[in-house]
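So the sequences go chain by chain: L and S.
Residue numbering for the first sequence follows our numbering, beginning at 1 and increasing consecutively.
Residue numbering for the second sequence follows our numbering, beginning at 365 and increasing consecutively.
The beta-carbon is built from N, C-alpha and C at its ideal position, and this holds for glycine as well.
Everything below concerns the one structure shown next.
There are 2 protein chains.
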Amino acid sequence: MKTPALKTLIAVNMLLLCVNAFAQNNIRYVKAETLTLIGKAKKTDSCFQRIDSAEAAPMPMAVRSLAKQSAGIAVLFETNSTTIRAKWKLSGEVYLSNMTPIAHSGLDLYCFRNNKWQYVNVGKPAKGIDQEQRIIENMDNSTKQFMIYLPLYNSINDLQIGVEENAIIKSPAHAAVDTTLRVVVYGSSIVQGASASRPGMAYPAILQRRTGYDVINLGFSGNAKMEKELAEYLATVPADCYVLDCIPNPSPEEINERSYPFIKLLCGKKPNTPIILVETVFRENGNWDQKVGQRITRQNEEIRKTYNRLIKEGVKNIYYIETTKLIGNDHEATVDGVHLSDLGFTRIADALLPLIEQAMKKHK
Amino acid sequence: MKTPALKTLIAVNMLLLCVNAFAQNNIRYVKAETLTLIGKAKKTDSCFQRIDSAEAAPMPMAVRSLAKQSAGIAVLFETNSTTIRAKWKLSGEVYLSNMTPIAHSGLDLYCFRNNKWQYVNVGKPAKGIDQEQRIIENMDNSTKQFMIYLPLYNSINDLQIGVEENAIIKSPAHAAVDTTLRVVVYGSSIVQGASASRPGMAYPAILQRRTGYDVINLGFSGNAKMEKELAEYLATVPADCYVLDCIPNPSPEEINERSYPFIKLLCGKKPNTPIILVETVFRENGNWDQKVGQRITRQNEEIRKTYNRLIKEGVKNIYYIETTKLIGNDHEATVDGVHLSDLGFTRIADALLPLIEQAMKKHK
């Protein structure tokens, strides 16, 4: 038998359920391109790709394709909504044995609180192309500044941010990322973000949060072999500091042939912009596979030679960091011996941060 | 025109290619169950599952199913082969947005060198069920002790280790894991290993390598709700220390009802075995979603009450660790706010290690 009190409770609960369902249904979606985009080298034809198609045309085919992926791009906005949802359309289904779907195809939401960027939650991709997810709900309704990182190893054809119907959503009045201070990172899959657990843990993104600078991810998986066309492009990208972490993929012979003219071209066109040269991470299997180990040692010997030659010639504003200083010495910082886990990315960000601050300070 | 020297070089190279091809083809496979298995609570009907089917019968259906997954089980062997390959048959294809395929369905190879376990390489799963991969090659041919961790979120029906035809492969004469010192960890998806980048980075595996103890992974994703049947089973598992990290999934009410009788039952049957109680990791989205935040706070309040009650009753050998001490305070240690990345797992292992050593020392 139901008492009157119980009946009232049931009625109130049903009403609350209805209100909740109503709130769920009244979500207003806003196109992400109407908000603020950061992590972009320049404007591009399709706004969620990294290099404009016309500018990418002279580059190697693999780089042209990878430049369409959204690694390092993030959307900044402020809202007083207590719920944030997202709809995004991926260009294809991806399978990578060394990455989580959240990292290659998901979203990663941060909020600027107490003068710091703090993780909020992720947009988890389901199998398939069209995604729609609630990222967070039940927040207080104060106005906050948010940032959503886009997928690291996929392309986005459309992205919409959902908030409560009556909530404000707009570009931040005072963006917590200083887009006038720009660090441009050119590199391999590691720079692109393999194998962060989520988009915000790729090391350019960690550096961006820690410094407040706009850090541009020009990491190209399996590539970054220092072709002349890439040096020419990089020289056109507004930058206050270049990080060249492009030793993992070219052969020792390619590094010998290409690294000197590549850096000379960049220095020639941007004589006042500091450059940080990063040796390749020592692939963990190279501690066991003797052929792999020898190759890595030779790669780093070749870039060191180029650095010494540049220093001898009196090139200024060039910094160098050795492989031994990048990811610790416990051999635990990678998922597959090559690509860094969040542990490895945290360590490499710790290692690069002082160099970047030093380079930016001198440059300012 | 080819000089005689060049001709000789070509002939030698072709010969080397043939030898290499020959060596590739001459791999001898050994059934993993003929080697040494660690990380096992007890013997089981199918050797790569965690709980014997008959013993699992009274447990909740989800736990019975998860007990078939191979989390925490590893194979120990020694070989002088310069190449190690593996064939493994998975029970099914898995998609988890917060895990890498290497973690849920792959293999993770370590070698004992300079008195430490050092990462060698992983066995990357392709899509599908039947896997065959080269894990490492071109090693020197000294005899070494290896350990292969099995998949965290999949079951293995068959596992074979491949070495060169004439190489020795056998159980280690002196295993570098002391199977007489046993730590049994009961918990949720976090204990099971979500979201380590690879099987060896789940925290029970990290603790196993750091201590040399046999650490048993009884983590059950979405479960570990302290049912009586589980307490009864745990009491039958040979253990020198229990870690109860089972607060993430039961509701505050369930913790209130179940935690006291669960621990009392275990203490009653194993009065001399130390128990380490672990508060739940504070889910990162709980810093924003007020309902989630309140629930986590209440979960930890309830287990704290139980701990205080046990201490008041004079129960000895019980240790307690608070949520604030587990994964740091930068909010960066998870993939999805709940499940730990390698960064989070490294931190929680750092936090638990001194407690485990203290508990084991007193117990010895």
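Inset, instruction - Run down chain S in chain order and give the residues with a C-beta less than 8 Å from the C-beta of L:I148. - result: Near L:I148 there are no residues of chain S at all, since even the closest Cβ is about 14 Å away, more than 8 Å.
Inset, instruction - Note down, in chain order, every chain L residue with its Cβ under 7 Å from the Cβ of S:G470. - result: S97
Legend entry - N- and C-terminal bounds of the alpha helix (DSSP H) containing L:Q297: In the sequence as displayed, the identity of residue 297 of chain L is Thr instead of Gln. First-last of the alpha helix (DSSP H) with L:T297: 290-312.
Inset, instruction - Return the residue from the list S:G650, S:E596, S:Q497 that minimises the CA-CA distance to S:V527. - result: S:Q497
Inset, instruction - Please say whether L:M59 and L:Y233 have beta carbons closer to each other than 9 Å? - result: yes
Legend entry - Minimum Cβ-Cβ distance from S:L707 to chain L less than 9 Å: yes
Inset, instruction - Give, in chain order, every residue of the stretch 507-536 of chain S whose Cβ lies closer than 7 Å to some Cβ of chain L. - result: none
Inset, instruction - Flag L:K291 as yes if its beta-carbon sits less than 9 Å from any beta-carbon of chain S, otherwise no. - result: yes
Inset, instruction - State the Cα-Cα distance for the pair S:P568 and S:K589, rounded to the nearest angstrom. - result: 19 Å
Legend entry - Inter-residue CB distance, S:V699 and L:T100 (contact presumed, cutoff 8 Å): 6 Å
Legend entry - Simplified DSSP assignment, three categories, for L:V75: strand
Legend entry - is_contact[S:Q482, chain L] using C-beta, thresh 9 Å: yes
Legend entry - chain S contact residues for L:N138, given Cβ-Cβ distances below 9 Å: W652, D653, Q654, K655, V656, G657
Inset, instruction - Tell me whether L:Y95 is buried or exposed, calling it buried when 16 or more other Cβ atoms sit within 10 Å of its Cβ. - result: exposed
Inset, instruction - Mind checking the stretch 554-566 of chain S against chain L and listing, in chain order, the residues whose C-beta falls within less than 9 Å of any C-beta there? - result: S559, A560, S561, R562, G564, M565
Inset, instruction - Check the Cβ of S:T443 against every Cβ in chain L and list those closer than 7 Å, keeping chain order. - result: Here the premise fails: no neighbours, minimum Cβ distance about 13 Å.
Inset, instruction - Output the boundary residues of the alpha helix (DSSP H) element that contains S:N620. - result: 616-633
Inset, instruction - Could you tell me whether the stretch 303-313 of chain L touches the stretch 275-288 of chain L, where touching means 3 or more Cβ pairs closer than 8 Å? - result: yes
Legend entry - the stretch 544-564 of chain S / the stretch 519-534 of chain S touching (three or more Cβ pairs under 8 Å): no
Legend entry - Range covered by the beta strand (DSSP E) that runs through L:L277: 275-278
Inset, instruction - Could you tell me which residues DSSP pairs with S:N581 in its beta bridges? - result: S:V549
Inset, instruction - Would you verify that the beta carbon of L:I102 is, or is not, closer than 9 Å to some beta carbon of chain S? - result: yes
Legend entry - Contacts of S:H342 in chain L (Cβ-Cβ under 8 Å): Missing from the structure shown is residue 342 of chain S; chain S here goes from 365 to 728 and no further.
Legend entry - DSSP three-state assignment for L:T323, whether helix, strand or coil: helix
Legend entry - Between the CA atoms of L:F48 and L:N157 - distance to the nearest angstrom: 7 Å
Legend entry - Cutoff 9 Å: S:I712 Cβ touching any chain L Cβ: no
Legend entry - S:I415 to S:N681 span [Cα, whole Å]: 26 Å
Inset, instruction - Closer than 8 Å by C-beta to L:R210: which residues in its own chain qualify, once you throw out the five before and the five after it? Chain order, please. - result: A349, L353
Inset, instruction - Give a yes or no on whether the minimum CB-CB distance between S:T687 and chain L is below 9 Å. - result: no
Legend entry - Cβ neighbours of S:L690 in the same chain (closer than 6 Å, five flanking residues each side left out): V645, I712, A715
Legend entry - Beta bridge counterpart(s) of L:L96 as assigned by DSSP: Bridge partners of L:L96: none, in fact.
Legend entry - Closer than 7 Å at the beta carbon, the chain S residues around L:V335: T464, I466, S561, R562
Legend entry - Residue environment, S:D542, which counts as buried when at least 16 other CB atoms sit within 10 Å: exposed
Legend entry - Backbone secondary structure at L:N285 - three-state DSSP: helix
Legend entry - Sequence-distant residues of the same chain with beta carbon closer than 8 Å to L:Y186, five excluded per side: L218, G219, A224, L230, L234, Y242, V243, L244, D245, C246
Legend entry - CB contact check: S:K589 to chain L, cutoff 9 Å: no
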